[in-house]
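Novice: Number 201 in our numbering belongs to position 140 of the sequence shown; there are no gaps in the numbering. My structure is below; once you've seen it, I'll send some questions.
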Amino acid sequence: IEEMPQKESEEIRDIFREFGFQEDDLEVAVERITSNKNLWLKFMIQEEIGLVPGTMDNPTSIGLISAVSFLMGAIPVIAPFFFVYSVSKALLIAAIVLIVLLFIMGVWKTRFTKVHWLRSGIETLAFGGLSCGIGFSLGRIIAALVH
Numbered sequence: 062i063e064e065m066p067q068k069e070s071e072e073i074r075d076i077f078r079e080f081g082f083q084e085d086d087l088e089v090a091v092e093r094i095t096s097n098k099n100l101w102l103k104f105m106i107q108e109e110i111g112l113v114p115g116t117m118d119n120p121t122s123i124g125l126i127s128a129v130s131f132l133m134g135a136i137p138v139i140a141p142f143f144f145v146y147s148v149s150k151a152l153l154i155a156a157i158v159l160i161v162l163l164f165i166m167g168v169w170k171t172r173f174t175k176v177h178w179l180r181s182g183i184e185t186l187a188f189g190g191l192s193c194g195i196g197f198s199l200g201r202i203i204a205a206l207v208h
């Protein structure tokens, strides 16, 4: 809002177009929203990002959502180590599963971010792969130091 007001007001215009507003009403609505920075910010948080005040107030719910999300992401990646005897084959399968899941998660994320699906998939894959690579490398370094 502060750095790129034209771009942000155009995003509001796009949101109201999706709501079915015609040009005359569209301009009035955009003007009303953008004339009050607090209202503008609240509107952008709710409509563009999709955060609704009060939806994340319960710490228990947040903890359960985090735990289930972690398990849903971790189980497919560690499962090969339980079913494949060879550690190197299990690692290869886990890496392939991870690559596929990271890309799918990036594509799924576009429902909320409105970024092109391919860019989002590759971006999520790159950042997730980088963090996994760093974690794997640190694990190998620590294992070498301990032994």
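Every residue gets a Cβ at the ideal spot worked out from N, C-alpha and C, and that includes glycine.
Taking the straight line between their C-alpha atoms, what separation do you get for A205 and I195?
Specialist: 15 Å
Novice: For S147, which of helix, strand or coil comes out of DSSP?
Specialist: coil
Novice: Using 8 Å as the threshold, is the C-beta distance between F164 and L186 below it?
Specialist: yes
Novice: If we call anything under 8 Å between Cβ atoms a contact, is V91 one with I62?
Specialist: No, the Cβ-Cβ distance between V91 and I62 is not below 8 Å.
Novice: Candidates F143, L102, M166: which alpha carbon is nearest G189's?
Specialist: Checked all of F143, L102, M166; the closest Cα to G189 is M166.
Novice: For F77, I'd like the list of residues in its chain whose CB is within less than 7 Å of its CB, leaving aside the five on either flank, ordered along the chain.
Specialist: L87, A90, V91
Novice: DSSP on E63, reduced to helix/strand/coil?
Specialist: coil
Novice: With DSSP run on the structure shown, which of helix, strand or coil describes S212?
Specialist: Missing from the structure shown is residue 212; the chain here goes from 62 to 208 and no further.
Novice: Report the rounded CA-to-CA distance for W169 versus L132, giving the unit in angstroms.
Specialist: 18 Å
Novice: According to the neighbour-count rule (16 or more other Cβ atoms, all chains shown, within 10 Å of its Cβ), is S149 buried or exposed?
Specialist: exposed
Novice: Count the other CB atoms, across all protein chains shown, that sit within 10 Å of the CB of P141; report buried if there are 16 or more and exposed otherwise.
Specialist: By the 10 Å Cβ count, P141 comes out buried.
Novice: Should S122 go down as buried or exposed, given a rule of 16 or more other Cβ atoms within 10 Å for buried?
Specialist: It counts as exposed.
Novice: If you follow the alpha helix (DSSP H) that I139 is in, where does it begin and where does it stop?
Specialist: 120-139
Novice: Mind checking G124: buried by the 16 CB within 10 Å criterion, or exposed?
Specialist: exposed
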